[in-house]
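Asks:
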């Protein structure tokens, strides 16, 4: 009689719909690795498809968002979606074999079933950028999260004005998506690539990414038009130099977007591993405008 | 809000009524070296073990809502595919008999981030919704600074709250089920004398607070003093052991790891509470560590508690229980750190 009534917080197992549902916390889509393309010695492009057709079609994301990829028993990690949002749950992830989970992924065969949860975080506001120039600046692996907004822009190329991609890598052998560079150029995109050190076959420029950016700013006679948006992603050291140059060239802070990387264990604003101050990179980020970045300590 | 009073000897009856559920309460765990009695929250099987006169427990109620290790999901692996199973692992109501205001406030703060945000945590929420909490007023210890944090009283998040009036308990009732339970023991409407004694007790307790932290404009000061050399000094003392997070009633950060069963037929995903002071807290794959030195990690901890959480929820994530300072192997306490950041060390010494 005095036994207090037990409250079952998850009475309907298996239903996940909204972010506010308790069942969504541990939910993951079953997805199959349909193909694997080696891009360089350490990076591979994985095509991953959500198995259930209905769920695949209803999987919507904004370019710049990420998913948590889980291999049961091995680990779970956050990865930026690098494919077009119009392909829904047929996503591409470019992954460098660098840790426990990614080294294992490097060895799995096609057909492996993985868990995908998400999409999480914020995206790049590509719709707001319509009618403007878009400047994409990527260093190293930074090209991976930029590929999703790039696809979104390419699919509606006529709505945007001048599009530049400035892409820097350490070596020519570390350049990603080389097979698509020609295709991007055909869409009237100025693709400039620079490497820190060239090799015997390299005919392009050698140096730092800021050198190309300088030239781009010179083209606009030192002042980027206020109708320009910049998207920047790269190693931590790159952000400060590149963003300061953009600000000096007259670009307002809220038109510069960066995608930040942090360690994550949940993707759902719980584990605190991705915190900058107390800002969750997984909820408020990974895409921040530069004004937000300036207001967070230790962000870059 | 409804109030009743009941004579002290009825407390045992109240305990016996609730004893059909799991009852957790403060109990003695022996003596520390300096002759100080140690208390802990634990399952109780006898009213005699309940020690409502406890000072403070080494750990808060956190292990009952956020166990140090918890299985999030398990996998059955077969034919190249797998199936995921989630078990919240809670089946019964727990009665928490005798909880101080700071610890109830700590649960309320955890609710904000773990139950009321996007992606609510079902493991925490499940346990939280199955708690029957009986609060009790405390005797402030020399290291308690809850008054400065505004957590010396609690307004919600419990079922009933007891105040010791000498020969009787003054009880504040917050839920219908608490009301129903109290119907089974003789209680009375508090009269004017009870009101007077209640106010006296509260005032006497307020006079006992000795430790203070100046939290005025703290969010701005933490921003202004972000590059202050005092963080380096504290960083040199900090051992990066994570004990503070271990005993903290509001530290909820964690790490997740996956494990394969020995027979390769299954796997499990386990989370373990973590600490932002541990060296690899913010290290990403590839080896870059966003907070490689102990001073930046300690600073982050204060920054999250007193600046970031304040920004998000308009309150601090610290309840001023002082457990971290008591447990710290290097003797670092919150009042000292905040005073030094404000440049007020001399005044305190």
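Protein chains in written order, with the numbering used here: chain A, 1455 to 1754; chain B, 376 to 724.
All C-beta atoms, glycine included, are put in the ideal place defined by N, C-alpha and C.
Is it right to say residue 1566 of chain A is buried, meaning 16 or more other beta carbons lie within 10 angstroms of its own, or is it exposed?
Replies: On the first chain, residue 1566 of chain A is found 112 positions in, with the first residue counted as 1. Buried: at least 16 other Cβ atoms inside 10 Å.
Asks: Closer than 8 Å, CB to CB, is residue 510 of chain B near chain A or not?
Replies: One-based indexing of the second chain puts residue 510 of chain B at position 135. Residue 510 of chain B does not count as touching chain A.
Asks: Compute the beta-carbon to beta-carbon distance between residue 467 of chain B and residue 397 of chain B, rounded to the nearest angstrom, for a pair I have assumed lies under 8 Å.
Replies: By 1-based counting over the second chain, the position of residue 467 of chain B is 92. By 1-based counting over the second chain, the position of residue 397 of chain B is 22. Correct: roughly 6 Å between the Cβ atoms.
Asks: Could you name the residues of the same chain whose beta carbon sits closer than 7 Å to that of residue 1689 of chain A, not counting the 5 residues immediately before and after it, in chain order?
Replies: Sequence index remark: in the first chain, residue 1689 of chain A carries index 235 (1-based). Correct list, in chain order: 1593 and 1594.
Asks: Given that a residue counts as buried once 16 or more other Cβ atoms are within 10 Å of its Cβ, and exposed if not, what is residue 382 of chain B?
Replies: As a working mapping, residue 382 of chain B is identified with position 7 in the second chain. Flag for residue 382 of chain B reads exposed.
Asks: Between residue 448 of chain B and residue 1620 of chain A, what straight-line distance do the alpha-carbon atoms span, to the nearest angstrom?
Replies: Against the second chain, residue 448 of chain B aligns to sequence position 73. Against the first chain, residue 1620 of chain A aligns to sequence position 166. Residue 448 of chain B and residue 1620 of chain A: Cα-Cα distance of roughly 43 Å.
Asks: Please report whether the beta-carbon of residue 723 of chain B lies at a distance below 8 Å from any beta-carbon of chain A.
Replies: Counted from its first residue, the second chain places residue 723 of chain B at position 348. Its pLDDT being 45, under 50, residue 723 of chain B is placed unreliably in this model, and the coordinates cannot settle the point.
Asks: Pairs of beta-carbons, one from the stretch 529-539 of chain B and one from the stretch 1486-1499 of chain A, closer than 8 Å: are there three or more?
Replies: No, because fewer than three Cβ pairs between the stretch 529-539 of chain B and the stretch 1486-1499 of chain A fall closer than 8 Å, the two stretches do not touch.
Asks: Any idea what DSSP makes of residue 626 of chain B, helix, strand or coil?
Replies: Along the second chain, one-based indexing puts residue 626 of chain B at 251. In the structure shown, residue 626 of chain B sits in coil (DSSP, three-state: anything other than H, G, I, E or B).
Asks: Find out if the Cβ-Cβ distance for the pair residue 441 of chain B, residue 400 of chain B is shorter than 8 Å.
Replies: If you number the second chain from 1, residue 441 of chain B lands on position 66. If you number the second chain from 1, residue 400 of chain B lands on position 25. Cβ distance not < 8 Å, so residue 441 of chain B and residue 400 of chain B don't count as in contact.
Asks: Identify, in the order they occur along the chain, each residue of the same chain with its Cβ nearer than 8 Å to the Cβ of residue 664 of chain B, setting aside the five sequence neighbours on each side.
Replies: Taking the second chain and counting its residues from 1, one reaches residue 664 of chain B at position 289. If we look at residue 664 of chain B and ignore the five residues flanking it on each side, its Cβ neighbours are 654, 655, 657 and 658.
Asks: Give me the DSSP bridge partner(s) of residue 680 of chain B.
Replies: Walking along the second chain from the start, residue 680 of chain B turns up at place 305. DSSP, once it has assigned bridges, lists no residue as partnering residue 680 of chain B.
Asks: Within this structure, are the beta carbons of residue 477 of chain B and residue 703 of chain B separated by less than 8 Å?
Replies: Counting from 1 along the second chain, the entry for residue 477 of chain B is found at position 102. Counting from 1 along the second chain, the entry for residue 703 of chain B is found at position 328. Not closer than 8 Å, so no.
Asks: When burial is assigned at 16 or more other CB atoms within 10 Å of the CB, is residue 1618 of chain A buried or exposed?
Replies: To locate residue 1618 of chain A, count along the first chain from 1; it is residue 164. It is buried - the Cβ of residue 1618 of chain A has at least 16 other Cβ atoms within 10 Å.
Asks: So is residue 457 of chain B in contact with chain A if we call contact Cβ pairs under 8 Å?
Replies: To locate residue 457 of chain B, count along the second chain from 1; it is residue 82. With 8 Å as the cut-off, residue 457 of chain B counts as an interface residue toward chain A.
Asks: Which same chain residues end up closer than 7 Å to residue 1751 of chain A when comparing Cβ atoms and leaving out the 5 residues on each side of it in sequence?
Replies: The sequence position of residue 1751 of chain A within the first chain is 297, counting from 1. Hits under 7 Å: 1731.
Asks: Name the chain A residues that come within less than 7 Å of residue 467 of chain B, Cβ to Cβ?
Replies: Indexing the second chain from 1 puts residue 467 of chain B at position 92. Chain A residues near residue 467 of chain B: 1460.
Asks: Could you tell me whether any Cβ in chain A is nearer than 8 Å to the Cβ of residue 533 of chain B?
Replies: Position 158 of the second chain holds residue 533 of chain B. Chain A, which has no Cβ nearer than 8 Å to the Cβ of residue 533 of chain B, makes this no.
Asks: Go ahead and label residue 1698 of chain A buried or exposed: buried means 16 or more other beta carbons lie within 10 angstroms of its beta carbon, across all protein chains shown.
Replies: Here residue 1698 of chain A corresponds to residue number 244 of the first chain, with the count starting at 1. With fewer than 16 Cβ atoms within 10 Å of its Cβ, residue 1698 of chain A is classed as exposed.
Asks: Across the stretch 678-697 of chain B and the stretch 607-625 of chain B, are there enough close Cβ pairs to call them in contact, namely three or more that are closer than 8 Å?
Replies: Judged by Cβ distances under 8 Å, the stretch 678-697 of chain B makes contact with the stretch 607-625 of chain B, as three or more pairs qualify.
Asks: Checking 8 Å against the spacing of the C-beta atoms, do residue 526 of chain B and residue 694 of chain B come in under that value?
Replies: For this step, residue 526 of chain B is matched to residue 151 along the second chain. For this step, residue 694 of chain B is matched to residue 319 along the second chain. Going by C-beta atoms, residue 526 of chain B is nearer than 8 Å to residue 694 of chain B.
Asks: Taking only beta carbons into account, state which residues of the stretch 490-522 of chain B come closer than 7 Å to chain A, listed in chain order.
Replies: Residues 492, 493, 494, 495, 496, 497, 500, 501, 504, 505 and 507.
Asks: What number of angstroms, rounded off, separates the C-alpha of residue 583 of chain B from the C-alpha of residue 430 of chain B?
Replies: The residue labelled residue 583 of chain B in the question sits at position 208 within the second chain. The residue labelled residue 430 of chain B in the question sits at position 55 within the second chain. Each residue's alpha carbon lies about 13 Å from the other.
Asks: Going along chain A, which residues have a C-beta under 8 Å from residue 678 of chain B?
Replies: Numbered from 1 along the second chain, position 303 holds the residue referred to as residue 678 of chain B. Per Cβ cutoff of 8 Å: 1731, 1732 and 1751.
Asks: For residue 417 of chain B, list the residues DSSP reports as bridge partners.
Replies: In the second chain, residue 417 of chain B corresponds to position 42, counting from 1. In DSSP, residue 417 of chain B forms a bridge with B:400.
Asks: In its own chain, which residues sit with a C-beta less than 6 Å from the C-beta of residue 722 of chain B, not counting the 5 before and 5 after it?
Replies: Here residue 722 of chain B refers to the residue found at position 347 of the second chain. For residue 722 of chain B, the pLDDT reaches just 47, beneath the cut-off of 50, and the residue's location in the model is therefore unreliable, leaving the point undetermined.
Asks: Would you check if the distance between the CB atom of residue 419 of chain B and the CB atom of residue 402 of chain B is smaller than 8 Å?
Replies: Mapped onto the second chain, residue 419 of chain B falls at position 44. Mapped onto the second chain, residue 402 of chain B falls at position 27. The answer is yes: Cβ separation under 8 Å.
Asks: Tell me, which residues are paired with residue 378 of chain B by DSSP?
Replies: Along the second chain, one-based indexing puts residue 378 of chain B at 3. In the DSSP output, where bridge partners are listed per residue, residue 378 of chain B has B:547.
Asks: Nearest-angstrom Cα distance between residue 718 of chain B and residue 1711 of chain A?
Replies: Position 343 of the second chain, counting from 1, holds the residue named residue 718 of chain B. Position 257 of the first chain, counting from 1, holds the residue named residue 1711 of chain A. Cα to Cα, residue 718 of chain B sits roughly 37 Å from residue 1711 of chain A.
Asks: Give the DSSP bridge partners of residue 1567 of chain A, in chain order.
Replies: Mapped onto the first chain, residue 1567 of chain A falls at position 113. Residue 1567 of chain A is bridged to A:1486.
Asks: Per DSSP, what kind of secondary structure is residue 724 of chain B in: helix, strand or coil?
Replies: Residue 724 of chain B sits at position 349 when you count from the first residue of the second chain. Confidence at residue 724 of chain B is low in this model, with a pLDDT of 43, below 50, so its placement is unreliable and the value that follows should be read with caution. Note: residue 724 of chain B maps to coil in three-state DSSP.
Asks: Going by DSSP, which residues form a beta bridge with residue 1492 of chain A?
Replies: To locate residue 1492 of chain A, count along the first chain from 1; it is residue 38. A:1498, per the DSSP bridge assignment.
Asks: Identify the residues that DSSP records as bridge partners of residue 664 of chain B: which are they?
Replies: Here residue 664 of chain B refers to the residue found at position 289 when the second chain is read from its first residue. Looking at the DSSP assignment, residue 664 of chain B forms a beta bridge with B:658.
Asks: Quick check on residue 635 of chain B - is its C-beta less than 8 Å from some C-beta in chain A?
Replies: Counting from 1 along the second chain, the entry for residue 635 of chain B is found at position 260. It does: the Cβ of residue 635 of chain B has a partner Cβ on chain A nearer than 8 Å.
Asks: Span of the alpha helix (DSSP H) holding residue 579 of chain B?
Replies: Taking the first residue of the second chain as 1, we reach residue 579 of chain B at position 204. From DSSP, the alpha helix (DSSP H) with residue 579 of chain B extends over 567-583.
Asks: Work out the CA separation of residue 1553 of chain A and residue 1481 of chain A for me, nearest whole Å.
Replies: Residue 1481 of chain A sits at position 27 when you count from the first residue of the first chain. Residue 1553 of chain A sits at position 99 when you count from the first residue of the first chain. For residue 1481 of chain A and residue 1553 of chain A, the distance between alpha carbons rounds to 24 Å.
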